[in-house]
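Asks: Quick one: the structure is below, questions incoming.
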Amino acid sequence: MDFTATLLPRLHLFELIDQPWYPRAARNLSTDYLHTVSTRMGLFDAAADVLARGLQAAGTDTLVDLGSGGRGPVPRMQRLLEARHGLKTQAVLTDLYPNAEAAERARSEGATYLSRPVDARQVPADLRGMRTLFNALHHFKPEEVREVLEDAQRRGEAFAAFEVVHRTPGGVLGTLFVPLLVLLFTPFIRPLTPLRLLLTYALPVAPLALTWDGLVSTLRAHRPEELKALTQSLQRPGYTWEVGEVREKGKGSVTYVLGMPVR
């Protein structure tokens with residue numbers, strides 16, 4: 266019996282960042298922080314090898330990132346793909362709630378950030394390339410995860426989702442450090458506006474919101490065995506699914522789901 270799963274059943278509580286009514290300025294506080302901390306700490310660096318396999322299997326050089334928020338780790342992943350695998354990629358960033366300010370910064374870095382909303386469960390047909398989700402799969406219920414994966418498989422597009430939140434006792438306890446991390450990393454966020462400083466240090470809106478969403482994220486996280494069961498039910502000729510965990514020295518593990526067309 267898996268006692269961790271018994272003690273921590275998946276709870277699909279609400280995250281502030283998911284709510285349509287959540288003020289854009291408050292949502293940007295969170296998504297910009299998440300971009301900064303994932304980039305500065307290299308939380309997803311272990312994903313580079315998995316991404317490379319998907320890109321090569323699909324024969325594409327385009328990443329279509331879903332749930333990009335404040336740009337996420339995609340710019341850093343592009344640099345790693347070139348340095349480690351010699352793969353030069355182009356990126357199209359998308360989100361259900363696009364971050365207009367992050368879009369401007371992405372364009373200045375040579376990436377495309379779509380201003381129109383994009384639902385990961387029904388990606389528009391004109392968006393071709395390997396689909397990615399970084400720390401976003403837990404936002405979906407199991408049946409919605411299936412929709413996300415099925416849509417990629419039906420279109421014959423490579424797919425990869427990566428999660429650094431884990432539904433474990435350690436993952437839950439780790440959220441206690443979120444307020445401190447927000448205070449430490451906020452000075453590195455660009456642009457560092459007076460409003461951001463006010464809502465971080467004078468009024469602790471950002472630390473409290475990110476702590477709540479971080480706790481809910483761990484309780485929402487899909488465990489690897491749950492994802493394996495889901496992908497096994499999707500196996501079809503011409504497309505293959507793989508679930509696993511990768512890790513780089515000195516960093517936490519990254520759970521991944523990789524889907525690839527078989528050519």
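In our numbering, the protein residues as written are 266 to 528. All C-beta atoms in this analysis are idealised placements derived from N, C-alpha and C, irrespective of residue type, glycine included. Because the structure is a prediction, the values reported are computed rather than measured.
(1) Please name the residue in 458, 356 and 509 whose C-alpha comes closest to that of residue 338.
(2) Give the straight-line distance between the Cα atoms of residue 284 and residue 471, rounded to the nearest whole angstrom.
(3) For residue 351, which of 488, 313 and 467 has the nearest alpha-carbon?
(4) Tell me the rounded alpha-carbon separation between residue 286 and residue 318.
(5) Which of the three DSSP states, helix, strand or coil, is assigned to residue 526?
(6) What's the gap between the Cα of residue 297 and the Cα of residue 303?
(7) To the nearest angstrom, how far is it from the Cα of residue 316 to the Cα of residue 399?
(8) Who pairs with residue 358 in a beta bridge, going by DSSP?
(9) Is it right to say residue 363 is buried, meaning 16 or more other beta carbons lie within 10 angstroms of its own, or is it exposed?
(10) Which full runs of the beta strand (DSSP E) of 3+ residues lie inside the segment 414-501, going along the chain?
(11) Beta-carbon within less than 7 angstroms of residue 385's beta-carbon, same chain only, minus the 5 sequence neighbours each way: which residues are those?
(12) From what residue to what residue does the alpha helix (DSSP H) around residue 280 run?
(13) Would you grab the beta carbon distance between residue 484 and residue 276 for me? Rounded to a whole angstrom, and I think it's under 8 angstroms.
(14) For residue 266, is the classification buried or exposed, using 16 other Cβ atoms within 10 angstroms of its Cβ as the cut-off for buried?
(15) Based on Cα-Cα distance, which residue from 469, 441 and 436 lies nearest to residue 451?
(16) Counting C-beta neighbours from all protein chains within 10 Å, is the total for residue 419 16 or more, i.e. buried, or is it exposed?
Replies: By the coordinates alone:
(1) Here residue 338 corresponds to residue number 73 of the sequence shown, with the count starting at 1. When only C-alpha atoms are compared, the closest one is 356.
(2) If you number the sequence shown from 1, residue 284 lands on position 19. If you number the sequence shown from 1, residue 471 lands on position 206. Between residue 284 and residue 471, the C-alpha separation is close to 16 angstroms.
(3) Taking the sequence shown and counting its residues from 1, the one referred to as residue 351 is at position 86. Ranked by Cα distance from residue 351, the options 488, 313 and 467 are led by 313.
(4) Reading the sequence shown from its first residue, position 21 is the one you call residue 286. Reading the sequence shown from its first residue, position 53 is the one you call residue 318. When rounded, the separation of the alpha-carbon atoms in residue 286 and residue 318 is 39 angstroms.
(5) In the sequence shown, the residue the question calls residue 526 occupies position 261. Look at residue 526 here: in three-state DSSP terms it is strand.
(6) Your numbering for residue 297 matches position 32 in the sequence shown. Your numbering for residue 303 matches position 38 in the sequence shown. Looking at the backbone, the Cα of residue 297 and that of residue 303 are separated by about 10 angstroms.
(7) The sequence position of residue 316 within the sequence shown is 51, counting from 1. The sequence position of residue 399 within the sequence shown is 134, counting from 1. Looking at the two C-alpha atoms, the distance is approximately 12 angstroms.
(8) The residue you call residue 358 lines up with position 93 of the sequence shown. In the DSSP assignment, residue 358 is bridged to 330 and 378.
(9) Indexing the sequence shown from 1 puts residue 363 at position 98. Buried, since its Cβ has 16 or more Cβ neighbours within 10 Å.
(10) Runs of the beta strand (DSSP E) inside the segment 414-501: 424-428.
(11) Against the sequence shown, residue 385 aligns to sequence position 120. The answer, listed in chain order, is 331, 332, 398 and 413.
(12) Taking the first residue of the sequence shown as position 1, residue 280 is located at position 15. Counting along the chain, no alpha helix (DSSP H) covers residue 280, and no H or E run does either.
(13) Within the sequence shown, numbered from 1, the residue matching residue 484 stands at position 219. Within the sequence shown, numbered from 1, the residue matching residue 276 stands at position 11. Rounded to the nearest angstrom, the Cβ distance from residue 484 to residue 276 is 4 angstroms, consistent with a contact under 8 angstroms.
(14) Working through the sequence shown from its first residue, we reach residue 266 at position 1. With a pLDDT of only 48 at residue 266, under the threshold of 50, the placement of this residue in the model should not be trusted; the figure read from the coordinates follows. Exposed, since its Cβ has fewer than 16 Cβ neighbours within 10 Å.
(15) Stepping through the sequence shown from its first residue, residue 451 is reached at position 186. Taking each of 469, 441 and 436 in turn and checking the Cα distance to residue 451, the smallest one comes out for 469.
(16) Indexing the sequence shown from 1 puts residue 419 at position 154. With fewer than 16 Cβ atoms within 10 Å of its Cβ, residue 419 is classed as exposed.
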